[in-house]
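Trainee: Take the sequence shown: its letter number 222 is residue 221 in numbering that gives the first Met the number 0, and every next letter is one higher.
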Amino acid sequence: MTTTTTTTAIELNPHSALQLQQLGSRTAEVDPAPEAHDNDDSGIPDGGAGWTVLAGCAVIAWWMVGTPYSWGVIQSVLVEEGVSSPSVLSFVGSLSLGLVAALALLNARIMRSFGPRKIAMLGIVLMATSDLLSSWTLNTVGALFATSGVLKGIGLSLCAPPLSSIPAQYFNRKRGLANGIVFAAGGLGGAILSFAIDALASHLGPGWAFRVLALMTITTGLPAAFLIKQRVPFPRSGLVDWRLFKSLTFVAIFMATFVGTFTLYVPPFFIPLYAKSINLSSTTGAGLLAGYNFASAVGRVGCGHLCDRIGPLNVFLMSMILTSLSMLALWPVSTSLVPMVAFVVVNGISNGSFFSTLPTVVGNVFGSARLSVTMGMFVTGYGGGYLMGAPIAGYILDAYGGADSGFQAYRPAMYYAGSLAISAAGLIALARFRIKPNVWAKI
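1. Hey, how far is the Cα of residue 300 from the Cα of residue 352?
2. From which residue to which residue does the alpha helix (DSSP H) around residue 353 run?
3. Per DSSP, what kind of secondary structure is residue 197 in: helix, strand or coil?
4. Residue 152 and residue 125 - do their beta-carbons sit closer together than 7 angstroms?
5. Taking the alpha helix (DSSP H) that residue 330 belongs to, which residues open and close that run?
6. When you compare each of 312, 356, 86 and 69 to residue 431 by their alpha carbons, which one comes out closest?
7. With a Cβ-Cβ cutoff of 7 angstroms, do residue 273 and residue 399 count as a contact?
8. Give me the Cβ distance between residue 335 and residue 192, rounded to the nearest whole Å; I'm assuming they're in contact under 8 angstroms.
9. When you compare only the Cα positions, how much space is there between residue 406 and residue 177?
10. Would you mind reading off the limits of the alpha helix (DSSP H) that contains residue 153?
11. Among residues of its own chain, excluding the 5 on either side of residue 257, which ones have a beta-carbon nearer than 6 angstroms to its beta-carbon?
12. DSSP state of residue 438, grouped into three classes?
13. Ignore the nearest five residues each way along the sequence and tell me which others in residue 333's own chain have a CB closer than 6 angstroms to its CB.
14. Please report the distance separating the alpha-carbon of residue 167 from that of residue 297.
15. Among 354, 348 and 85, which residue has its Cα nearest to the Cα of residue 181?
16. Shorter than 6 angstroms, the distance from the beta carbon of residue 209 to the closest heavy atom of the ligand MN, or not?
17. Nearest to residue 57 by alpha carbon, out of 104, 184, 115 and 99?
18. Look at the Cβ atom of residue 229, then the Cβ atom of residue 331, and state whether they are nearer than 7 angstroms.
19. So the candidates are 389, 131, 402 and 436; which of them puts its Cα closest to the Cα of residue 419?
20. Using the Cα positions of residue 122 and residue 280, report the straight-line distance between them to the nearest angstrom.
21. Would you kindly check if the distance between the Cβ of residue 395 and the Cβ of residue 414 is under 7 angstroms?
22. Let me confirm a value: residue 443 is counted as buried when at least 16 other C-beta atoms fall within 10 Å, else exposed. Which label applies?
23. Can you give the Cα-Cα distance for residue 305 and residue 270, rounded to whole angstroms?
24. Does DSSP put residue 240 in a helix, in a strand, or in coil?
25. Between the stretch 131–143 and the stretch 258–266, can you find at least three pairs of beta-carbon atoms closer than 8 angstroms?
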């Protein structure tokens, strides 16, 4: 059969092993999807009860995506109070993201065994618990690594598989829009939480900010997790489908996401600190981060819809090109509020597109039948960038004088992130034009 959401010919053969036909056609690649008939795209309802499930996923994404994207505000507060340096505190935030990647394959297996609802509920409980414990350990960096790093990371990682795989069970033609809505909720969460955490930390102190965050997470997250259910069981399979690595298209997209994730959390982690370096107030810095997350939300839902129009791989390529250009050409010259707002909007939109577009790319190019396994492999590939992307930028900042050395000290970190984004865009272009050289093709 052939997927209906892209012009790329994707053949799903439940009776044969991986067949990658690089000689019969330059425009098609046979998809290795054993037992793909269990999750046939043609039977997906494109709505109905899926909207309720989508609402539950969106609320989970509010916390799962929004909390890491608001870490920059917490980091700025803790740097100001002398708890530690930006490079160390950014590593706390990156550790939680690194665990999302490190545990992706295991959690995909756990979801197939226990269902998406149970692991989402457990993830929410652990996230709330980590915030509560962090509220009493803010002045101890080692304890923060354990609470906001390790425990938060385990909670985030448990929430990730349902968000990336369940919408595809309910939406086919509108799959890009559905993924966009879910991850846009995460961008909105980051925007609102950036303002809320800054206000709570200013008026009640950072400890109470964490306690309020814990309460809100569990009171809204648990009911939302209860709404999530799978339409059909995921096929039983191993942790990794090694056969995919025989595909040059898969390898190119996999490496693009591996490299690209090194860049993605540099802006949200450092915007509040950079705002202070150009003589903007902490409130303005929090507002810029909120604007960044709001732009990310717009990018997620807008580019999700655009995926259904012009093809997800085309959108994925454009978003990474926009990311690189904004980091190399716009951010370095943003030395006042107006250009900084422009950077926040442009980079926020392209950043949000990365996360909402990839599940659609994976589902359309490699098949939705085993999306949980394939996305688990991709998210595992995020590991290096999630764990070290922002800390490397922090170490570069320290090497050039630190957060108090003016805006010039931030530029080498900007160039580091922007150059990696260009490399990722090149790899995506390789995959896209290998599938079909026609520039105007819907891929």
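The beta-carbon is built from N, C-alpha and C at its ideal position, and this holds for glycine as well.
Mentor: This is what the structure gives:
1. Distance from the CA atom of residue 300 to the CA atom of residue 352, rounded to whole angstroms, is 8 angstroms.
2. It spans 336–365 - the alpha helix (DSSP H) in which residue 353 sits, taken as one unbroken run.
3. Residue state, collapsed to three classes: helix.
4. The answer is no: Cβ separation not under 7 angstroms.
5. No alpha helix (DSSP H) holds residue 330; DSSP gives it neither H nor E.
6. Taking only the C-alpha atoms, the option nearest residue 431 is 312.
7. Between residue 273 and residue 399, the C-beta gap is not smaller than 7 angstroms, which leaves the two residues out of contact.
8. Under the criterion of beta carbons closer than 8 angstroms, residue 335 and residue 192 do not qualify as touching, at roughly 26 angstroms.
9. In this model, residue 406 and residue 177 are separated by some 39 angstroms (Cα to Cα).
10. Counting along the chain, the alpha helix (DSSP H) containing residue 153 begins and ends at 151–164.
11. 380.
12. DSSP places residue 438 in coil when its eight states are reduced to three.
13. Cβ neighbours of residue 333 beyond the five flanking positions: 339 and 342.
14. Approximately 21 angstroms, taken between the alpha carbons.
15. Selection 354, 348 and 85 evaluated against residue 181 yields 354 as nearest (Cα-Cα).
16. Of ligands this structure carries none, so the ligand MN is not represented either.
17. Among 104, 184, 115 and 99, the Cα nearest to that of residue 57 is on 184.
18. Not closer than 7 angstroms, so no.
19. The residue with the shortest Cα to Cα distance from residue 419 is 389.
20. If I take the Cα positions, the gap works out to 35 angstroms.
21. No; because the gap between Cβ atoms is not below 7 angstroms, this pair is not in contact.
22. Outside the displayed span of the chain (0 to 442) sits residue 443, for which this structure offers no information.
23. The straight-line gap from Cα to Cα measures roughly 28 angstroms.
24. Residue state, collapsed to three classes: coil.
25. Result no; under three Cβ-Cβ pairs closer than 8 angstroms.
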